[in-house]
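Q: Residues in the sequence shown are numbered from 30 upward in steps of one, following the working numbering.
The beta carbon of each residue, even a glycine, is placed where N, CA and C say it ideally should be.
From a predicted model like this one, the values you see are computed outputs, not experimental measurements.
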Amino acid sequence: MTEQPNSPVIRSGATKTFDEAMVRRATADCDFNAIRLALYQLTGDQRLLKMTVGKLPLKGGAQFRYIVESDADRELLYQLLVGYLRDPQPAPSAPSRETAYDLMRNFCADDVLPESLLAFGYEQLAFEEFPRDAKWSAGSLARPDDHFTVAIIGAGLNGIAMAMQLKRLGIRHTVYERHSGVGGTWLVNHYPEVRVDLSAFIYQYSFEKNYPWSEYFPTRDETLRYLEHIVTKYGIRDDIRLECEVTDARWDEATARWHFTVRDADGTLTSQSANILISASGLFSTPNVPDVLGVEEFQGAMFHTTQWDHSLDLSGKRVALVGTGSTGTQLMAWVAERAEHLTIFQRNPQWISQTPNYKAKISAEERYLLDTVPYYWNWRCFAAHMTFQQQEALHEADPEWQSTGGGISRRNDALRETLVKYIDGKIGPNPELRAKVLPDYPPMVRRMVTDNGWYDALLRPNVELVNAAVERFTPDGIVSSDGESREFDVVILAAGFQVSKYFWPVQYTGREGATLEELWDEDGARAYLALAIPGFPNFFSMYGPNGQPRSGSLYAWAEAWARYIGLAIVDLVESGQASIEVRREVFDRYNQELDEVMSSLIFTMPGRSYYVNEHGRVGVEVALPADQYHARIVRPNPDDFELRGALAEVDQGLASRL
Numbered sequence: 030m031t032e033q034p035n036s037p038v039i040r041s042g043a044t045k046t047f048d049e050a051m052v053r054r055a056t057a058d059c060d061f062n063a064i065r066l067a068l069y070q071l072t073g074d075q076r077l078l079k080m081t082v083g084k085l086p087l088k089g090g091a092q093f094r095y096i097v098e099s100d101a102d103r104e105l106l107y108q109l110l111v112g113y114l115r116d117p118q119p120a121p122s123a124p125s126r127e128t129a130y131d132l133m134r135n136f137c138a139d140d141v142l143p144e145s146l147l148a149f150g151y152e153q154l155a156f157e158e159f160p161r162d163a164k165w166s167a168g169s170l171a172r173p174d175d176h177f178t179v180a181i182i183g184a185g186l187n188g189i190a191m192a193m194q195l196k197r198l199g200i201r202h203t204v205y206e207r208h209s210g211v212g213g214t215w216l217v218n219h220y221p222e223v224r225v226d227l228s229a230f231i232y233q234y235s236f237e238k239n240y241p242w243s244e245y246f247p248t249r250d251e252t253l254r255y256l257e258h259i260v261t262k263y264g265i266r267d268d269i270r271l272e273c274e275v276t277d278a279r280w281d282e283a284t285a286r287w288h289f290t291v292r293d294a295d296g297t298l299t300s301q302s303a304n305i306l307i308s309a310s311g312l313f314s315t316p317n318v319p320d321v322l323g324v325e326e327f328q329g330a331m332f333h334t335t336q337w338d339h340s341l342d343l344s345g346k347r348v349a350l351v352g353t354g355s356t357g358t359q360l361m362a363w364v365a366e367r368a369e370h371l372t373i374f375q376r377n378p379q380w381i382s383q384t385p386n387y388k389a390k391i392s393a394e395e396r397y398l399l400d401t402v403p404y405y406w407n408w409r410c411f412a413a414h415m416t417f418q419q420q421e422a423l424h425e426a427d428p429e430w431q432s433t434g435g436g437i438s439r440r441n442d443a444l445r446e447t448l449v450k451y452i453d454g455k456i457g458p459n460p461e462l463r464a465k466v467l468p469d470y471p472p473m474v475r476r477m478v479t480d481n482g483w484y485d486a487l488l489r490p491n492v493e494l495v496n497a498a499v500e501r502f503t504p505d506g507i508v509s510s511d512g513e514s515r516e517f518d519v520v521i522l523a524a525g526f527q528v529s530k531y532f533w534p535v536q537y538t539g540r541e542g543a544t545l546e547e548l549w550d551e552d553g554a555r556a557y558l559a560l561a562i563p564g565f566p567n568f569f570s571m572y573g574p575n576g577q578p579r580s581g582s583l584y585a586w587a588e589a590w591a592r593y594i595g596l597a598i599v600d601l602v603e604s605g606q607a608s609i610e611v612r613r614e615v616f617d618r619y620n621q622e623l624d625e626v627m628s629s630l631i632f633t634m635p636g637r638s639y640y641v642n643e644h645g646r647v648g649v650e651v652a653l654p655a656d657q658y659h660a661r662i663v664r665p666n667p668d669d670f671e672l673r674g675a676l677a678e679v680d681q682g683l684a685s686r687l
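(1) Should the stretch 559-566 be called in touch with the stretch 240-249, which here means at least 3 C-beta pairs below 8 Å?
(2) Are the Cβ atoms of Val651 and Ala589 separated by less than 8 Å?
(3) Looking at the structure shown, is Thr353 part of a helix, part of a strand, or coil, going by DSSP?
(4) How big is the Cα-Cα spacing for Ser169 and Val318?
(5) Return the CA-CA distance between His258 and Val291, expressed in angstroms with no decimal places.
(6) Using the Cα positions of Lys271 and Val260, report the straight-line distance between them to the nearest angstrom.
(7) Going by other Cβ atoms of all chains shown within 10 Å of its Cβ, with 16 needed for buried, is Ser355 buried or exposed?
(8) As an exercise, report each continuous beta strand (DSSP E) stretch of at least 3 residues that is fully enclosed by the stretch 163-250, in chain order.
(9) Tell me the rounded alpha-carbon separation between Arg76 and Ala486.
(10) Does the count of Cβ pairs from the stretch 382-391 and the stretch 357-371 closer than 8 Å reach three?
(11) Taking all protein chains shown into account, do 16 or more other C-beta atoms lie within 10 angstroms of the C-beta of Glu610, making it buried, or fewer, making it exposed?
(12) Which term fits Gly264, buried or exposed, when burial requires 16 or more other beta carbons within 10 angstroms of its beta carbon?
(13) With contact counted as at least three CB pairs below 8 Å, one residue from each stretch, are the stretch 219-231 and the stretch 196-208 in contact?
(14) Would you report the Cα separation of Val626 and Lys450, rounded to the nearest angstrom?
(15) Take the Cβ of Asp250 as the centre, count every other Cβ of all protein chains shown within 10 Å, and call the residue buried at 16 or more, exposed below.
(16) Return the Cβ separation of Tyr95 and Ala129 in integer angstroms, given the expectation that the two are a contact with Cβ distance under 8 Å.
(17) May I ask which residues mark the beginning and end of the beta strand (DSSP E) holding Ile391?
(18) Does the distance from the C-beta atom of Ala523 to that of Thr334 stay below 8 Å?
(19) Taking the alpha-carbon positions, what's the Asn441 to Asp60 distance?
(20) Just to confirm, are Ser514 and Phe374 a CB contact at a threshold of 8 Å?
(21) Let's test the definition: count the other Cβ atoms within 10 Å of the Cβ of Trp533 and tell me whether it reaches 16, buried, or not, exposed.
(22) Measure the C-alpha to C-alpha separation of Asp518 and Met331 and round it to an integer number of angstroms.
(23) What are the boundary residues of the alpha helix (DSSP H) that Gly506 is part of?
(24) According to DSSP, Tyr537 sits in a beta bridge with which residue or residues?
(25) Which runs of the alpha helix (DSSP H) fall wholly inside the stretch 530-584 and span at least 4 residues, in chain order?
(26) Tell me the residue span of the alpha helix (DSSP H) that contains Thr447.
(27) With contact counted as at least three CB pairs below 8 Å, one residue from each stretch, are the stretch 461-478 and the stretch 375-384 in contact?
(28) So what does Trp406 bridge to, in DSSP terms?
(29) Roughly how many angstroms lie between the CA atoms of Leu653 and Val499, to the nearest whole one?
(30) Which residues in the same chain as Ala190 place their Cβ atom closer than 6 Å to its Cβ, once the five residues preceding and following it in sequence are excluded?
(31) Based on the DSSP secondary-structure assignment, which residues constitute the bridge partners of Ala303?
(32) Apart from the five residues on each side of it in sequence, which residues of its chain come closer than 7 Å, Cβ to Cβ, to Gly185?
(33) If we ignore side chains and look at the alpha-carbon of each, how far apart do Gly210 and Arg254 end up?
(34) With burial defined as no fewer than 16 other Cβ atoms inside 10 Å of the residue's Cβ, what is the status of Thr416: buried or exposed?
(35) For the candidate residues Glu429, Gly454, Tyr220, whose alpha-carbon lies nearest to that of Trp363?
(36) Quick one: give me the first and last residue of the alpha helix (DSSP H) that Tyr95 is part of.
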């Protein structure tokens, strides 16, 4: 098979002492299908490609995992693995893209995989050093000089990915972060029990190979350490200015630059400018504090979960928890264990799912395989990706299934049945509580929530679940919409974020005085591919309007967005022109397509969540299947953009002003 000669291979465990007992324990609970493809790459043994691959149903058949079915095949895999580890040979280079596509099909039981899904999956395999790399054209001599600069707003995982891309391109850039450290939402959210609810095998950058995560679902603190590790290892830290908040930005046509104001930690304002401005402020950057009557009157302690008071002792306290989304359910059991009494105010019940290995350590046996078997990490990541992307089918209604009396689709109904059984198994014969916790809308209309002891805590004698909204605050408590008045010492606001406030708190003024408020006045925030906005030249967004794909890790999308923006900058510089702007007709056509596709999905059904904005439009999710969206952002289509001016002339004009 054709190989790539310079592809990086994980060889970190090559010097470890062979331990057959460890191997036997490790293979008792490993991903044999991932081992199978890794061993094929290492040995070329054709028997490995002929093994039967089946599908293990998950969540009642809503999703599945590709597995090696035969005991005989698994035993052969064990023997081949032992043989390799007894006498490990230098690992061959990673396969060519064409060969990798064949191996992906083989991994997936020879299912018919569209080209777009293979292309996305190939990047998730992360065989290449930097799988989503923006590069200068072959033979191009164009490079921006030091006058050409890029400003990035936000040092979360999106801003870090963008800085990484620009550093590789050799483009001068500065990251402005209003908080005291990197990490974005993982810095801001520091409430008890906060952790990732996606597997570490997909929730990570593809260019950092086999990071030694300690848990399958990392805690907030471990995630922050990971991001700190990235900015240090890859030399990004020096380009980040912490405690520097961009307050406003204005496009200047004459200089083809963005001019913006920065407020530093002591309140000093300075004027800056850049050729390109990129918002990486993220979706979850603006806390949602409920606008409820009397909020200023409450005399006890009250705080949003992003402002958690770690000095506050909840013992002996009557506590109210307002909100039962991902945050509220994640910390509820922790609060219940400490408070004298906890009252939870819930407007809508959530579908809450059991997640295998949640809070579990990555075992020494799993780590042994990851560190000693080249390519196992790659295929382990790919396996997690392929299972996760199956959730997209749960968003789609099946009219044929519904015509026979089904709810949404076979898979969605199977998920619902599994979740209901889980709830009943947790709370037992408790009709009153069941009526409170069982949603009346289909799963996946809202983001699925992971169970972190929620149902167990509801059975505690000191916990009350109230199916009512907070109507008003009093000096000593809360009056709910059911007319009941309750007294509290502490109120915890787990009300999420104002996700429709894109790019907040910066005020942007585009070409000819255009504002985002005017552009979005009719039905909320919109963008082209979540990345570009007409009337705002040289401006790009990451995780922008309709920027949350239906599957895939945010790290993967951050890298993909950074590549797209990086290539747009490459196109601009190599053209010798000064500005790049998405065409209005392209923007309009794309958003019309989004709305048409969205009409066939379930997100606007009763029970809808923050996905739907105040205008009744889904403004968060990308309607397209993830692989199709990915295909559109591999690189910019030159026909989608208008390039104006001459960079050299603009630079000369700018120099004459200085």
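A: Judging by the given coordinates:
(1) no
(2) Translated into the one-based positions of the sequence shown, residue 651 becomes position 622. Translated into the one-based positions of the sequence shown, residue 589 becomes position 560. No. Outside cutoff.
(3) The sequence position of residue 353 within the sequence shown is 324, counting from 1. The answer is coil: DSSP assigns Thr353 none of H, G, I, E or B.
(4) Translated into positions along the sequence shown, residue 169 becomes position 140. Translated into positions along the sequence shown, residue 318 becomes position 289. Their backbone Cα atoms lie some 51 Å apart in a straight line.
(5) The residue given as residue 258 occupies position 229 in the sequence shown. The residue given as residue 291 occupies position 262 in the sequence shown. Distance between the alpha carbons of His258 and Val291 is about 27 Å.
(6) Your numbering for residue 271 matches position 242 in the sequence shown. Your numbering for residue 260 matches position 231 in the sequence shown. Note on identity: in this sequence residue 271 is Leu, with Lys being the wrong assignment. Each residue's alpha carbon lies about 13 Å from the other.
(7) The sequence position of residue 355 within the sequence shown is 326, counting from 1. Under this definition Ser355 is a buried residue.
(8) 179-182, 202-206
(9) Your numbering for residue 76 matches position 47 in the sequence shown. Your numbering for residue 486 matches position 457 in the sequence shown. C-alpha separation (whole angstroms): 50 Å.
(10) no
(11) Sequence index remark: in the sequence shown, residue 610 carries index 581 (1-based). With 16 or more other Cβ atoms within 10 Å, it is buried.
(12) Looking up residue 264 in the sequence shown gives position 235. Exposed.
(13) no
(14) In the sequence shown, counting from the first residue as 1, residue 626 sits at position 597. In the sequence shown, counting from the first residue as 1, residue 450 sits at position 421. Taking the straight line from one Cα to the other gives about 32 Å.
(15) Indexing the sequence shown from 1 puts residue 250 at position 221. Flag for Asp250 reads exposed.
(16) In the sequence shown, counting from the first residue as 1, residue 95 sits at position 66. In the sequence shown, counting from the first residue as 1, residue 129 sits at position 100. In fact, because the Cβ distance is near 16 Å, the residues do not count as touching under 8 Å.
(17) The sequence position of residue 391 within the sequence shown is 362, counting from 1. Counting along the chain, Ile391 falls outside any beta strand (DSSP E), and DSSP gives it neither H nor E.
(18) As a first step, residue 523 must be located in the sequence shown, where it is residue number 494. As a first step, residue 334 must be located in the sequence shown, where it is residue number 305. In contact: Ala523 and Thr334 (Cβ atoms closer than 8 Å).
(19) Position 412 of the sequence shown, counted from the start, is the residue given in the question as residue 441. Position 31 of the sequence shown, counted from the start, is the residue given in the question as residue 60. Between Asn441 and Asp60, the C-alpha separation is close to 26 Å.
(20) As a position in the sequence shown, residue 514 is number 485, starting the count at 1. As a position in the sequence shown, residue 374 is number 345, starting the count at 1. Not a contact, by the Cβ cut-off of 8 Å.
(21) Start at 1 with the first residue of the sequence shown, and residue 533 comes out as number 504. Exposed, by the Cβ-count rule.
(22) Translated into positions along the sequence shown, residue 518 becomes position 489. Translated into positions along the sequence shown, residue 331 becomes position 302. Those two C-alpha atoms are separated by around 9 Å.
(23) Locating residue 506 in the sequence shown gives position 477, where the first residue counts as 1. Note, Gly506: premise wrong, no alpha helix (DSSP H); beta strand (DSSP E) at 506-509.
(24) Your numbering for residue 537 matches position 508 in the sequence shown. Beta-bridge pairing links Tyr537 to Ala278.
(25) 545-548
(26) For this step, residue 447 is matched to residue 418 along the sequence shown. Where Thr447 is concerned, the enclosing alpha helix (DSSP H) stretches over 439-456.
(27) yes
(28) As a first step, residue 406 must be located in the sequence shown, where it is residue number 377. Looking at the DSSP assignment, Trp406 forms no beta bridge with any residue, so it has no partner.
(29) Working through the sequence shown from its first residue, we reach residue 653 at position 624. Working through the sequence shown from its first residue, we reach residue 499 at position 470. For Leu653 and Val499, the distance between alpha carbons rounds to 36 Å.
(30) By 1-based counting over the sequence shown, the position of residue 190 is 161. Same-chain partners within the cutoff: Ala587, Glu588, Ala591.
(31) Within the sequence shown, residue 303 is the residue found at index 274, counting from 1. Bridge partners of Ala303: Trp287.
(32) Translated into the one-based positions of the sequence shown, residue 185 becomes position 156. Excluding residues within five positions, the ones whose Cβ falls inside 7 Å are Gly212, Gly213, Thr214, Ala309, Gly311.
(33) Looking up residue 210 in the sequence shown gives position 181. Looking up residue 254 in the sequence shown gives position 225. So the alpha carbons of these two residues sit roughly 11 Å apart.
(34) For the purposes of this step, residue 416 is identified with residue 387 of the sequence shown, where counting begins at 1. Thr416 comes out buried.
(35) Mapped onto the sequence shown, residue 363 falls at position 334. Ranking Glu429, Gly454, Tyr220 by Cα distance to Trp363 puts Tyr220 first.
(36) Counting from one through the sequence shown, the residue named residue 95 turns up at place 66. First-last for Tyr95: 92-97, but that is the beta strand (DSSP E), not the alpha helix (DSSP H).
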